[in-house]
Structures are given as C-alpha cells and as structure tokens.
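Undergrad: Numbering (the numbering used here), first residue to last: 3 to 758.
The structure follows.
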C-alpha cells in the first residue's frame, strides 16, 4: 500500500506519526443479516472443492465464543498459533497457489514487462543539516534504496548507508533516519523482514559506525536535540519469549538516548502506567527551545499536547513536560514556533482544518484551566486563529522560510499556499496541478523548500521551491511513466446507497470504447482519516498498457474532505465505506467503463477489510478480488500486537453496541456457504506484526469452505516480509507479477503482443 500519510510529513526522515499504527467502498447494498450458520459456524471438517481446484483440508476445532449472549464459532482458531499444523497448512496453501500462478500462460510476459517498467531511478526529496544534503536513491532494481549525502545541492550521491549490504536477500530495510543539526552524525532505524520492530544505530557522516544500538523500538521517530548530544525515541519493553510476532504491545515509553552510552542508561522522559494504550510522538522546534510531545490514544488522530522548555542560560518557562492541550477532542499537529508562540494545524472547531497559534506567556499567566470545549478538548487561554477554515481540506502545515507553508486538498488533489505568521499571503507557490505533493523538507529562515510530486501517470519527481519568489524548479525527474497525450485522467462522481456523492479518479487510454468490456482495477482504503490522493505504481502502468481501467475511490473514512468525511465511515458508520466502494463499481458499469464481473477490487490493510467485506456483500458485482494483509476477524483484531489501537476507528467486540455492527460486516463471520464468490487472491506475509497473518489464514480457510462456484480462492503467503514497508524490490515485482497473472487469467485479459 502506498504510504500517503508519510509523504505529507514535514520531514519524512525523522517523524513517524503514532497514527502509523493505522493499518491500510459504493452501493454495497444493505448489510447482510447476521448469519449464524455459515461454513465457519457449522465447523465443517473439510473444505469443499470447486470444480477446477482441490483445496488443502483445513481442520476445525470446537471453539465457540460468547459475545454478550450470542454464540459465535471460530473453528479455525488454531491458525492463530505457530506450530506444525499451521506450518503444514501454509506449505500446502502456498504449493497450491504456486501451482496455479506459475502455469498462467501470461505470467512470463507480465513479469518481463514489470521488470522493464520498474527499472527507473527513484529519489526522495533531500533534507539539509549543517549545509549537507541527505536523500534516498534507488538506481532502479536495487532491493533497497541507499542513503546518499553531498556537501552541495547537486544531487551527486555519496553513499552514506547501503541497506543492501545488511542482508543478502535485501530484507533489511532503512525504516527512517535523522541527522544532527551540524550534519555530522546519522541515526537510523533498521527493520528486519518487514517487521514493525526497529533497531536504531548511529554512524558518523563520512566516517565510521558508532557502537550505540537501541532495541525494541516501534512506531517511533528519531528526534535529535539541538546540541546533537542525544535524541528522543519511543520503545516498548522487550516481548516475552514467543510473543515477538503476535504479542500485544502496550505501555509505550518516550526515552532519551545520549550518544556513547548503553541503552540501559537511557532516560525515561514520559510514560503513563495508568494508560497502557497511549503512544507518544516527540518533535522539537527549529530554534531547539521547545520539545513538543503529542499524546495519542491508539490510532485516533485526536490527541493531547505536552510542552517542555529546553532553553539553557535563562529560567525555563516549563522545566518539565506540561500539558497545554487535553481532552482528546481534536487533532493538533505541531507546525513550528516563533519565540514563545507555538503553531498547530488542527481540526478543533474546524472539520476541514485551520492553523491556531498559542501564546505560551498567556497560557502561563492563566490562573485556572479553560473549560472543556464542545468537542471535548480543553484548550488553553491564548489561542489565536492564523488561517481560518476554508472549503479545501488543510492536510499539513509547517513553518519554513519566513512564513507558514499550507498543504491543502481540493477534491483529493494537492494545492500549496505560503502565508506569513499572521495568515497573510506571501509568494504564490508555483506547483504542478492534479497530483499529490508530499515529502516536504524545509526550515525556518531557509528559502528552499523541497517536495515530491506524483500523479497517476508519472512516478514521484522532486522539486525545489524558492519560497521568496514562489518559483519551483525540478530537482530530479525520473525518465519513466506514461504520456498524458495517450491517457485520460478524470474524476466522475458515484452515488452511494444513501445518496452521498463519492468522487472516483478514473484513468484509461484515450479513446476507450465504453462498451462495458474493459477490465477495471478498483482500489480503495476508507479509514483512519487517511487521504487517498493520486499515486503512481508500476503495476498499474502495466495494467493501463494492457487496456485496463484504473479507478481509485475517495471513500468516507478518509479525511479528503475533513473530519466529517472521516467520521462518516467510522465506528457505527463503517458500512458507508462499503456502500461507497460498491457505488463506485456501479458507476463504472453504468458509464460503460467496465462491466459486471469485469471489475477487480483491491486494497490493503484496512483496505483489505474493505475488499473482504464487499466481495461477500456483492459477489455478483465483481470478477476478482485482491485483499491484502486485511483485518478479517473484526471480533478478535484487538487481541494482537497493536490491534487495540484501532478500537477508536472500529469499536471493540467487548462493547455490546460495537459488537452488533462489527458482526454485521466482519468478513470472517459473514460468509454464506454455497455462494459463488469471485476469484480471490488473498495476500499476507509471515512477519506481519501489524495485521497478523492469522486474519488472512482464517479467512482463506473459511472462504474456501464457503465457495460454491468454480472461481479460484487462493492465498499467497510471502516469507521474510511484513505489512509492506521496506519490502525488497524483487519481492515487490514478484508480488505484482502474481497479482496481474491472476487477474489476467481469471478475467481473460490477453497480454499485449509487445510484452512477449
């Protein structure tokens, strides 16, 4: 899945939002009634085989759970545990899947074309520290991008760190990095085999590795102090034996590590022993004075804010961390500081976002705390509005140059504004249209702002924006992608079941005949306030070249239209997301862009849940489904690793009210035996410690048992891979080749002659 959240961070190299624990819809018809006698509930002893495939036998156990007086069977519970039976099941399923995919006639041509399409240089926007430039570069088919540095702004790469040397199979990934302000010391986080667990290491820039090693780091940034003597990071206690993959991660700690010391000497900065599910994100102002800590309850974007004064030589305003925003009623994201004034992007009192400034002197002088606001947030005295809410959605804000950079979404595409600290316009940024801007890298007092731009037809390009003039120039452009002269990008609107307009990006060759025969690849996410904006994927370029249609639905549950759009697909409103997605499919059919049974639906993580729910609710509508690393057991998801963090988004089965709606759409629990489900290729990985693979294992066993038609139901279980981040290029190409081979075969799509 494309990391569209990380792309919008001010510095993607240093900040890892606690919302990263978030895992990633049209007329889906009414929710299916609760079905207690599915193939799962019956506890069938073997899997029924469709005409063309014989599935491995999935044994069952007599496991029945009581949810508020309602009995729900879980006969595949044994697949949650590692053991010889699970290992044998995985081997048998992978053998079946490989025997199917490896004999698809088009796969060789598809794999060959994907290697060609994938082989282009990929470059991130640079960060600048101490007059040195740092960025990532992949020359084309390297398994992992290398970390480059240069004394000049010329893009000439001196290799600072090559993750490809850390594992022979390319499965050691550079998760994040941060450089001291003098540009002399690098701290970087390495993830192994796709795990969310990281180890932080240090190295001199242009010199030798340092001995420091920090373990059990998860969902953490690396935030250097201004003097470069140490950094803040997040960690958990080491998991117990056998619990590294599936054990619950609670009681996160905010720590400070001093260079040259053992991790056991690290200083505990903040923890909440009374709040096991809280997580923390540390940031520091450009002047080095203010430590700003965001406190989150799981993946909920609504947070509290703590501030500490770090200045030396004068009395500190706040010698320790002080809570300046509480109540968890709104989202506050630190944008920077000027003197004793802090700036935040927030949806407090503004569902589409605004920038507020907090005068800490006024806050300190207040004699009593402010009352709770209507959204539950306790905001301090001293706020003032810098930029008021607009029709566009404010997605990011940060201080740079001599003012404030504002990144907006207009109909799910990016725009940029630059204003002074009173909100008055400065230079008008000249940036590309109808795409996604992200990877922002800039500092206060520096006129240069670097950012990436991408759209559906071209991979990310890096631009340098001169904030004093507003002029933008290309810093790096990949010689790849599709010509806009040959392809059309539009954004029609579909109708959801309740009449809501659902925008859908649609991409296809110009002159496409609208006779309903073209295959369509319909993608969605719809959750956690994640905005899905234009993106490029080599796999989808190949799909378009073969005459396919790409459709990306802007679903409720995201934040493309602000907090209200998110809430419209959250908790008890989750069915709206599925209705939106199915409405998008209906629009493709009604417009002749595709036809019933010609649409493949795809999504990962929360999007995997979306695909699983919709293929069950409307099996007649789709020809194929690709649910990746999906949350398929909505009754038990909170019992593994970081799953509890998603309760603010989904609700928990431990709550009777939430159980009622979760039971209505949980993919594992709503299958109807004997139904002809569309061809399905489920994807997961053995080291996924975000959405544990048991979700997909159990769903695959249950779907194979319930399948009443001849369409294949397969599961692809990757090894030495995780939820998706850091996956080696070779594995990405193999996965894409398998997916396209599956779709081409099941939807009867010929590979273009030019690929052969």
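Note that beta-carbon positions come from the ideal geometry of N, C-alpha and C, so glycine has one too.
All of these numbers come straight from a predicted model, not from anything done at the bench.
Just the Cα atoms here: how many angstroms apart are residue 622 and residue 599?
TA: 7 Å
Undergrad: Here's the rule I'm using: 16 or more other beta-carbon atoms within 10 Å means buried, otherwise exposed. How should residue 750 be labelled?
TA: exposed
Undergrad: How many angstroms separate the CA atom of residue 651 from the CA atom of residue 532?
TA: Rounded to the nearest angstrom, the two C-alpha atoms are 12 Å apart.
Undergrad: Quickly, what does DSSP pair residue 511 with across the bridge? List them, please.
TA: DSSP lists 489 as partners of residue 511.
Undergrad: For residue 198, name the three-state secondary structure that DSSP assigns.
TA: coil
Undergrad: So, with DSSP's three-state summary, where would you put residue 386?
TA: strand
Undergrad: Around the Cβ of residue 756, are there at least 16 other Cβ atoms within 10 angstroms (buried) or fewer (exposed)?
TA: When all chains shown are included, residue 756 counts as exposed.
Undergrad: Taking a contact to mean a Cβ-Cβ separation below 9 Å, would you say residue 401 touches residue 409 in this structure?
TA: no
Undergrad: When the Cα of residue 520 is compared with those of 115, 595, 282, which residue comes out closest?
TA: 595
Undergrad: Per DSSP, residue 425 is paired with what?
TA: None; residue 425 has no bridge partner.
Undergrad: Check whether the Cβ atoms of residue 420 and residue 403 lie closer than 9 Å to each other.
TA: yes
Undergrad: Should residue 720 be labelled buried (16 or more other beta-carbon atoms within 10 Å of its own) or exposed?
TA: buried
Undergrad: Quick check: residue 506 and residue 555, are their CB atoms within less than 9 Å of each other?
TA: yes
Undergrad: Assuming contact is defined by CB atoms lying nearer than 9 Å, are residue 604 and residue 524 in contact in what I supplied?
TA: yes
Undergrad: Mapping DSSP to helix, strand and coil, what is residue 265?
TA: helix
Undergrad: Just checking my contact of residue 237 with residue 222 at CB under 8 Å: how many whole Å lie between their CB atoms?
TA: Between residue 222 and residue 237 the Cβ distance is about 7 Å, and since that is below 8 Å, they are a contact.
Undergrad: Cα separation between residue 319 and residue 235?
TA: 24 Å
Undergrad: At what residues does the alpha helix (DSSP H) containing residue 740 begin and finish?
TA: 731 to 748
Undergrad: When you compare the CB positions of residue 560 and residue 601, do they come within less than 9 Å of one another, or not?
TA: no
Undergrad: Can you tell me whether DSSP reads residue 2 as helix, strand or coil?
TA: Only positions 3 to 758 of the chain appear in this structure, which leaves residue 2 out of reach.
Undergrad: What does DSSP give as the partner residue(s) for residue 454 in the beta ladder?
TA: 440, 464
Undergrad: Counting along the chain, where does the alpha helix (DSSP H) carrying residue 159 start and finish?
TA: Premise fails: residue 159 is in no alpha helix (DSSP H) and is neither H nor E.
Undergrad: Since residue 733 contacts residue 461 with CB under 8 Å, what's their CB separation in whole angstroms?
TA: Between residue 733 and residue 461, the beta carbon gap of about 19 Å keeps them out of contact (Cβ cut-off 8 Å).
Undergrad: Spell out a yes or no on whether the region 711 to 727 and the region 695 to 702 are touching, meaning 3 or more CB-CB pairs, one atom from each, closer than 8 Å.
TA: yes
Undergrad: Helix or strand or just coil, what does DSSP make of residue 419?
TA: strand
Undergrad: In the region 584 to 670, which residue ranges form an unbroken beta strand (DSSP E) of at least 3 residues, counting only runs that do not cross its ends?
TA: 601 to 606, 626 to 630
Undergrad: Which parts of the region 124 to 183 are runs of the beta strand (DSSP E), unbroken and 3 residues or longer, counting only runs that do not cross its ends?
TA: If we require 3 residues or more, the beta strand (DSSP E) runs fully inside the region 124 to 183 come out as 129 to 131, 134 to 140, 148 to 152, 160 to 163, 174 to 181.
Undergrad: Starting from the Cα of residue 355, find the closest Cα among 665, 609, 739, 562 and give me that residue.
TA: That would be 562, whose Cα lies nearest to the Cα of residue 355.
Undergrad: Please classify residue 350: does DSSP put it in a helix, a strand, or coil?
TA: Coil at residue 350, not helix or strand.
Undergrad: Among 628, 423, 456, whose alpha-carbon lies nearest the alpha-carbon of residue 416?
TA: 456
Undergrad: By Cβ distance, which residues of its chain are closer than 8 Å to residue 574, with the 5 residues on each side in sequence left out?
TA: 653, 659, 660, 663, listed in sequence order.
Undergrad: Taking just the CA atoms, how far does residue 452 sit from residue 343?
TA: So the two alpha carbons sit approximately 25 Å from each other.
Undergrad: Are the region 112 to 127 and the region 539 to 548 touching, with three or more C-beta to C-beta distances below 8 Å?
TA: yes
Undergrad: Using 8 Å for Cβ pairs, my map puts residue 388 next to residue 423. What's the rounded Cβ distance?
TA: 7 Å
Undergrad: If you follow the beta strand (DSSP E) that residue 413 is part of, which residue opens it and which one closes it?
TA: No residue range can be given for residue 413, since it is assigned to no beta strand (DSSP E) and is classified by DSSP as neither H nor E.
Undergrad: Between the region 305 to 325 and the region 278 to 295, can you find at least three pairs of beta-carbon atoms closer than 8 Å?
TA: Segments in contact, yes.
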